[in-house]
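J.: The structure under discussion is supplied below as structure tokens; questions concerning it will follow.
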Ligand SMILES: CC(C)(COP(=O)(O)OP(=O)(O)OC[C@H]1O[C@@H](n2cnc3c(N)ncnc32)[C@H](O)[C@@H]1OP(=O)(O)O)[C@@H](O)C(=O)NCCC(=O)NCCS
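Numbering (the numbering used here), first residue to last: 2 to 180.
Printed below as a string of structure tokens:
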């Protein structure tokens with residue numbers, strides 16, 4: 002028997018506001034268990050904002066298997082208070098466990114990066130505890146090790162403008178010490 006995999010569509014959350022609570026649930030099952038209900042309500046408010054505004058500092062992208070969200074990523078103005086002088090941040094990147102390693106995370110991140118470029122963003126930031134290699138494979142560079150909310154992780158960054166300039170054959174300058 003031939004197994005046919007359904008096509009996964011990656012789209013703006015603003016185009017699918019009806020799945021907002023489902024994408025929050027995806028994140029909640031990964032990171033939220035044990036947190037107070039107010040936190041869940043806060044995540045819901047932020048995601049609803051992402052679905053409504055789609056501004057440079059509030060946007061979401063969702064991977065859909067039919068009508069069911071199987072991955073999400075958000076773009077927010079800030080994330081970790083230790084680096085509030087940097088912005089904007091990739092937040093809440095998650096792919097449902099049984100959909101991982103199929104390129105969905107890379108597609109979600111690509112959609113967010115294209116959106117950020119269209120809004121004139123030159124550099125993106127992300128904090129991750131365990132997905133450093135994923136971001137590196139997507140062209141991000143480690144910037145610093147940070148303890149955030151008691152958890153050790155890595156801040157990575159990606160310069161979007163240089164990516165656009167280097168779409169042909171060229172030699173990129175090395176990342177400077179003052180990012
Ligand atoms: C990190 C995550 C979003 C990646 O999603 P995914 O759909 O599995 O990623 P992709 O299939 O697009 O992988 C792209 C590349 O990254 C690699 N990769 C993905 N996750 C990885 C991981 N956890 N560790 C090492 N490499 C990883 C893949 O092997 C692939 O490499 P390749 O291009 O050489 O084949 C997913 O594993 C996840 O939801 N993890 C739990 C939540 C999390 O940690 N999120 C990050 C918060 S900042």
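Yeah, the Cβ is synthetic: ideal placement off N, Cα and C, and Gly gets one too.
What did DSSP end up calling residue 92 once you bin it into helix, strand or coil?
T.: strand
J.: Who are the near neighbours of residue 130 in its chain, counting only those whose CB is closer than 6 Å to its CB and skipping five residues on each side?
T.: 152, 154
J.: Specify whether the region 91-99 and the region 76-83 touch according to this definition: at least 3 beta carbon pairs, one from each stretch, less than 8 Å apart.
T.: Contact holds: three or more Cβ-Cβ distances are below 8 Å.
J.: Return the Cβ separation of residue 27 and residue 70 in integer angstroms, given the expectation that the two are a contact with Cβ distance under 8 Å.
T.: Your pair residue 27 and residue 70 checks out as a contact, with CB atoms roughly 6 Å apart and the cut at 8 Å.
J.: Is it the case that the CB of residue 31 approaches a heavy atom of ligand 3 more closely than 7 Å?
T.: This structure does not include ligand 3; its bound ligands are ligand 1.
J.: Take residue 14 and list the residues in its own chain whose beta-carbon comes closer than 6 Å to its own, dropping the five residues that flank it on each side.
T.: 51, 52, 61, 63
J.: Run through DSSP, which three-state label would residue 116 get?
T.: Note: residue 116 maps to helix in three-state DSSP.
J.: How close, in whole Å, do the beta carbons of residue 116 and residue 76 come, if the pair is a contact with beta carbons under 8 Å?
T.: 7 Å
J.: Alpha carbons only, please: which of 25, 121, 56 is nearest the one belonging to residue 43?
T.: 25
J.: Less than 8 Å between the C-beta atoms of residue 137 and residue 161, yes or no?
T.: no
J.: Quick check: does the Cβ of residue 132 come within less than 7 Å of any heavy atom belonging to ligand 1?
T.: yes
J.: For residue 144, which residues of its own chain have a beta-carbon under 7 Å away from its beta-carbon, when the five flanking residues on both sides are left out?
T.: 156, 157, 158, 180
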